[in-house]
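Novice: Throughout the sequence shown, residue numbering follows our numbering, covering 24 to 126 in sequence.
Beta carbons: idealized from backbone N, C-alpha and C, even for Gly.
Predicted model only: the values in this text are computed from it and were never measured.
Right, I'll just put the structure down here and ask away after.
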Amino acid sequence: MLAGLLVIVLGGLGLVRPPLVSGSLVRWHDTSHDWLLVADDQANQLTVYDAVNGRPLQRLDAKVVGDVAALAQRDGRLFVIDDDGTRKELRLPQLQRVAANVP
């Protein structure tokens, strides 16, 4: 309980920031796509599924997207987060890297 109170207090003072990471599952859709993107930290890959029927559509390994630990979605953009916290933006729906590092 004390640890929880400490996080609340420090967060209120701006000393603790919530992570950008939304987890290992992100849903992305537009007029012609409805996808579930799943980060697999152990296999170090990103798998894209059809969100309507669950069918796997594509697997992207570290050669394509770099190290994969988690995913984040922000302002309509998708980021792959590696183990050291480096973010790599992926262009949607092409699923190609936009930049090596995003501040």
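Residues in the same chain with beta-carbon distance under 7 Å from Gln-65, minus the five sequence neighbours each way, listed in chain order, please.
Specialist: By one-based count along the sequence shown, residue 65 stands at place 42. Result list for Gln-65: empty, nothing under 7 Å.
Novice: Roughly how many angstroms lie between the CA atoms of Val-49 and Gly-108, to the nearest whole one?
Specialist: As a first step, residue 49 is located in the sequence shown; it is residue number 26 there, counting from the start. As a first step, residue 108 is located in the sequence shown; it is residue number 85 there, counting from the start. Taking the straight line joining both Cα atoms gives about 17 Å.
Novice: Taking the alpha-carbon positions, what's the Asp-53 to Gly-99 distance?
Specialist: As a working note, residue 53 is residue 30 in the sequence shown. As a working note, residue 99 is residue 76 in the sequence shown. About 10 Å.
Novice: Which class does Ala-74 belong to by DSSP, given the choice of helix, strand or coil?
Specialist: By one-based count along the sequence shown, residue 74 stands at place 51. Correct three-state label for Ala-74: coil.
Novice: Which whole-angstrom value is the C-beta distance of Val-75 and Val-88, which I expect to be below 8 Å?
Specialist: Residue 75 sits at position 52 when you count from the first residue of the sequence shown. Residue 88 sits at position 65 when you count from the first residue of the sequence shown. Contact flag wrong, Cβ pair sits at about 23 Å.
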